[in-house]
Every structure is written in C-alpha cells, then in structure tokens.
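Line by line, the protein sequences are chains A and B. Each residue of the first sequence is one higher than the one before, counting from 1 in this note's numbering. Each residue of the second sequence is one higher than the one before, counting from 1 in this note's numbering. Glycine residues also receive a C-beta, built at the ideal position from the N, C-alpha and C atoms. Predicted, not measured: the structure shown is a model, and the values here were computed from it. Read through the structure below, which is laid out as structure tokens, and then see the notes.
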Amino acid sequence: MTAFILLRLAEIAAIVLFILGLHFLSSPATARFGNRLAAAGMLIAIIAALAPSHGYGWWAILVGVVIGTAVGLYSALKVKMTAMPQMVALFNGAGGGAAAAVSTVQYLLWERAHYAGVPLDVLTDVSLVISAIIGAVSAAGSVIAFLKLQELMTGRPITYRGQQFVNGIVALAIAGLAAWVMITLGVQPTWAYGVMVALALVLGVMFVLPIGGADMPVVISLLNSFTGLAVAITGFELRYNLLIIAGTLVGASGTMLTVLMGKAMNRPLRNVLFGAFGASGGMDVAAAKGGQQNVRSVTVDDVAVMLAFAQQVIVVPGYGMAVAQAQHSVRELADQLEKRGVTVKYAIHPVAGRMPGHMNVLLAEANVPYNQLYDMDDVNPEFARTDVALVIGANDVTNPAARNVASSPIYGMPILDVDKAANVIVLKRSMRSGFAGIENPLYEDPKTAMLFGDAKASVDSLISAVKAL
Amino acid sequence: MSELSIFFTLLTVFVLAIFVGFEVISKVPTTLHTPLMSATNAIHGIVLVGAIIVTVKLLDPGHALATPLLTTITIVAVALGTINVVGGFAVTERMLQMFKKREPAKK
Chain A
1 MTAFILLRLA EIAAIVLFIL GLHFLSSPAT ARFGNRLAAA GMLIAIIAAL APSHGYGWWA
61 ILVGVVIGTA VGLYSALKVK MTAMPQMVAL FNGAGGGAAA AVSTVQYLLW ERAHYAGVPL
121 DVLTDVSLVI SAIIGAVSAA GSVIAFLKLQ ELMTGRPITY RGQQFVNGIV ALAIAGLAAW
181 VMITLGVQPT WAYGVMVALA LVLGVMFVLP IGGADMPVVI SLLNSFTGLA VAITGFELRY
241 NLLIIAGTLV GASGTMLTVL MGKAMNRPLR NVLFGAFGAS GGMDVAAAKG GQQNVRSVTV
301 DDVAVMLAFA QQVIVVPGYG MAVAQAQHSV RELADQLEKR GVTVKYAIHP VAGRMPGHMN
361 VLLAEANVPY NQLYDMDDVN PEFARTDVAL VIGANDVTNP AARNVASSPI YGMPILDVDK
421 AANVIVLKRS MRSGFAGIEN PLYEDPKTAM LFGDAKASVD SLISAVKAL
Chain B
1 MSELSIFFTL LTVFVLAIFV GFEVISKVPT TLHTPLMSAT NAIHGIVLVG AIIVTVKLLD
61 PGHALATPLL TTITIVAVAL GTINVVGGFA VTERMLQMFK KREPAKK
C-alpha cells in the first residue's frame, strides 16, 4: 500500500515538474532551470515505472537505454546549431516510432492472449490502433523532413499529378484497415495490422514530400504535436495519466506553435501542407523578367564608411549568415561599430533561420546578448530612423513583394521593412533566389547596394576596414 | 470501475491537459521558440515510460509471453524513447546555455 501511494505521488511530482518546467521556459533567464525541472520530472517518471517491476525485463530495458543514450547524447552534443531543426525532427521521429512500437507490442501481446481466450477491451483496442497510426506517420514524416533539411534529398517540393488523390486513397485504406482491426477485435489476420502500420509509414513519407524546404519548420512543429498526440493516446492504451498529460501538453503546444508560425508567414496551414509552395509561381515571374539585372554593387570600403558614420545600424541576419558561419564575425563588427558610438540592433523575423527562434539560438551561440535582438513588430518602426540596414544572408523575409505584389507567392507575409531605411546593404553570395525560390525586388531598389561574396569573408573585411578608419 | 468510467476519467485528464498546454505555452516569446520546441519534444519522450511498462509486462516470467520478435520490438521501443528523451533534453540544455543577457557594463 505504501509503495502504491509513493508511486502515485511520484507520478504527480513528475507532472508538476513538466508543467513548471514549461512555465520557466517562457523567459530566457529561467529557461535553463525549466529544462532541468522537466528532465528531473522525466527521471522520476522512469524510476516510478521501474520500481514495481520486480526486475522483469530489466536486461532488455538496459540494452535499449544504453543504445538510446549513446545515440541521443552523441548526436545532441555533436550537432551544429545550424542543423538544429533537422535534429529536433529526428528526435521527434524517434518518439513517434517508439509510440508505434509500443502499440505494436501491445497488439501482438494481446493477439497471443486472445488466442488463449482473453478478450480485449474496446478502449485498449481503439487507442492502440490510433496511436500506432499517428506514431508511424510522425516517424516517417520526420525522417523525410530531416532528409530535406539536411539536403540529403532536394528541398524543393516533390509533386506529381494526382498526388493528393493518391494520398487520399492511402489514407482511406489506412482508415479501412483500422476499422477492420478495431471492430473484429483481433479475429482478423495479423497482416491487416501490419499493412495498416506500413501504409501509415508510407503516408508519412508522401505527406511531407510535396512540402518545400522553407515550410519544413511548420511541418516539424506539426509532427511534434502528432507525436505528442500519439503518446497521449498510448496513455489511454496503458491507462496511464502521466503519458496522457505529458503527451497532451506537447500536442497542445505543438499545435499552438504551428498556428503561430502559419501566422508569421501569413499562410493558413492547409496552404502549407497542400500548396507545394515554391514549386512554381515565383520562378515564372522571374523568368518572364529575364532575371534581376539592375542591381548596384559596392566595395567593402564604401560600406565600412557608411556603417562607421551611421547613427543606427540594424542587422538583418538570415540563414545564409549561419551557413557561412558568419555570426561570430557579425558580432565582432557590431562591437567595433558600438565602440564608435553607433547603435546596433538585430532584427529577427519570426521565421528567420529554419525554425521559429532559430536565429536567436544562432546569435546566442555567437554571444550576442538577447536583449539586443528585436522582434519584427518592435523593430519595423525603427527602420525609418535607421541609416543602414545590413542584410546578411536574409532574403524572403525582406522581400517587399510580400507587401505590394499581389501575384507573389509570399504576398501578405509580414516582412521586415528594410526598404524604409536610408540605405540598404545586402550581403549575398550571388543573385540566386532565396530558399523559397522567389525573386526579391528589394535588390533593384535605388537605395540598395549589393556586397557580393561569402558572408563571413565580407564581414571580416568590413571589420578590418572599419578598424582602419 | 467499469471500462466506460475509466475512459471518462482519462478523457477528463486529457481535456484538462490541453488547456494547461495552451496556457503555459502562450507566454513563451519567439526568442525561445526553438528551445521550447526541442524541450516539448523531449517531454513526449515520456513514451519511454510506456515502452518500459510494456517490456516489463512482456518479460514477466509468470506470463511466458515473450518471443524473440516481441522482445526485439520492445528493445527498439525503449531505445527510440531514450533517444528522444536524452537527445531532446541535452540539445535543449546546449542551446539554453548560450542565451546570455548583456552585462550592465557600458555606462
């Protein structure tokens, strides 16, 4: 009895720690503490699950935990900050796969028991089928998201005629098999369950294929909430509140983040998932215009003078900066400018980088203090008072076409109003278009000058030029 | 307790957790969205606990249920759950370590 009470209390403690952990994650000053609280909650939950087990199966658990810890820890410590979105996608896929595997074991166990004459209750039956499907979709979808972001396969949307029809058929087949498995309560052959899970994996792949690289963060967030939901339903299956609560917290937060991101890009979720964004549209406009030619380029020395004698400079960092590993140099340049009395701010678009808040992480890695980073809504009125907007490897989030070209695929997306600044300097490798594959009229603006070259090399030479002044 | 009343107890918990989830997350600023996503990602690693429960049930010698296939699937489930938990929390910790406030120097 005492043991029972202690275990239930431990589970409640774990739940409280998860919720408090998420609560403390809401401020940069306490976020680390929050993460540790949640991790402590997880440890308590694991101990509480092992405690009443008489050591049965511990060897198998140990094998799994050792493998999982080695793989998880190694990848977490090795991954570059730029690759964070795909890392999160993979961890998420692992969770979805685990949920599907748990349900599969439950199913096979029960099938054996069923032949021994023990009937299965409806709740377990229905929830294990649903959690297996959602978990499998999430696992396979996450792997494709990883492959796309890691550029192991093309980031462009992969589409073909009748794609949605085919996906619809697969979804229907899954639903049909699921209904069969649920209703017949295991009288059907095992292959029905197997085919159902296999089709769910196929659906996961096919549902992410037509989504372009630029939309991948939304997909990762959505898949995160899928896995949360799968885990919550596994909780129904095992009648375990802890899984229901933790899974649902994630499901709800993932849904919320997905919606927020959709808003930041002004695109309803439906459009992200089925729009095959960046497959065509923008490219046609560019081709018709014969590409962008009327751009002005400047030298490093000109830019250095502009920056050094400015009152206020706003740096607009993009993923291109991170790819070039230029964030440390950018910080150094900002330090030099501040020494000369220039006010330096960083303008962070909600979807800068490849995940909301990704750019903040990358700049934090370069020791840029987070109170120098400004959100879009706070910084946009500032551009009119700004002498130089320094755009480093950012493209689509500065594209004025989003404001005034109704035919542009990104029309309506809130952007950073860099074109309101007195001068715009764009650091860019070449005239290649952005991640979303859309031309940017900002570059043809008379106020805009281009500084071509590798972002890191350009910023480094800017530093020495500013120092030399 | 009947099957139906168990279901409704669990459903109540589920519905309440949805609201707690929305409530807690809505306060997180964009700055922290990446660490947040990775921390919530780690939290759904709680599925590891589900994997542990199933493994214990499977390998309980009293029931003699284990087959090599089933044992392999449970080990895979535990390993995947552990990757999710350990990787998720470790990567979040790494990111959050870097968030620093400007020291009140420069006056």
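- According to DSSP, residue pairing for A:Tyr319 in a beta bridge does not occur.
- Where A:Tyr374 is concerned, there is no enclosing alpha helix (DSSP H), although the beta strand (DSSP E) around it starts and stops at 373 to 375.
- In this model, A:Ala101 and A:Lys80 are separated by some 30 Å (Cα to Cα).
- Judged by DSSP secondary structure, A:Met256 falls outside any beta strand (DSSP E) and instead within the alpha helix (DSSP H) spanning 241 to 264.
- Residue-level contact check: B:Phe8 does not touch chain A, since none of the beta carbons of chain A fall below 8 Å from its beta carbon.
- If you ignore the 5 residues before and after A:Gly41, its C-beta comes within less than 8 Å of the C-beta of Ala13, Ala14, Ile15, Val16, Leu17, Phe18, Gly21, all in its own chain and listed in chain order.
- A:Tyr370 is not a Cβ neighbour of B:Lys57, given a cutoff of 8 Å.
- Rounded to the nearest angstrom, the Cβ distance from A:Val330 to A:Val315 is 6 Å, consistent with a contact under 8 Å.
- The shortest CA-to-CA distance from A:Leu120 to any of A:Val250, A:Pro446, A:Val181, A:Ala326 is the one to A:Val181.
- If you look at A:Ile47, you'll find it in the alpha helix (DSSP H) that goes 31 to 50.
- Taking a beta-carbon distance threshold of 8 Å, B:Ser5 does not count as an interface residue toward chain A.
- A straight line joining the alpha-carbon of B:Val85 with that of B:Val49 spans about 10 Å.
- Under DSSP, A:Lys447 forms no beta bridge with any residue.
- Taking the C-beta atoms as reference points, A:Gly251 is found no nearer than 8 Å to B:His33.
- Look at A:Met84: its C-beta is under 8 Å from a C-beta on chain B.
- Positions of the beta strand (DSSP E) runs, each at least 3 residues long and wholly inside the region 4 to 47 of chain B, cannot be given because no such run exists.
- Shown here, A:Leu390 sits in a strand according to DSSP, grouped into three states.
- Here A:Val166 is exposed: its Cβ has fewer than 16 other Cβ atoms, across all protein chains shown, within 10 Å.
- Taking a C-beta cut-off of 7 Å against chain B, the contacting residues of the region 256 to 278 of chain A are Met256, Leu257, listed in chain order.
- Here A:Gly194 is not near B:Thr55, since their CB atoms are 8 Å or more apart.
- Under the three-state reduction of DSSP output, A:Ser75 falls in the helix class.
- Distances from the CA of A:Pro400 to each of A:Ala394, A:Thr386, A:Val418 were compared; the closest alpha carbon is that of A:Val418.
- B:Ala90 and A:Phe274 have their C-alpha atoms spaced approximately 34 Å apart.
- The C-beta distance from A:Ala139 to A:Gly93 rounds to 5 Å, short enough to meet the 8 Å contact threshold.
- Pairwise C-beta distances place the region 84 to 93 of chain A in contact with the region 222 to 238 of chain A, as three or more of them are shorter than 8 Å.
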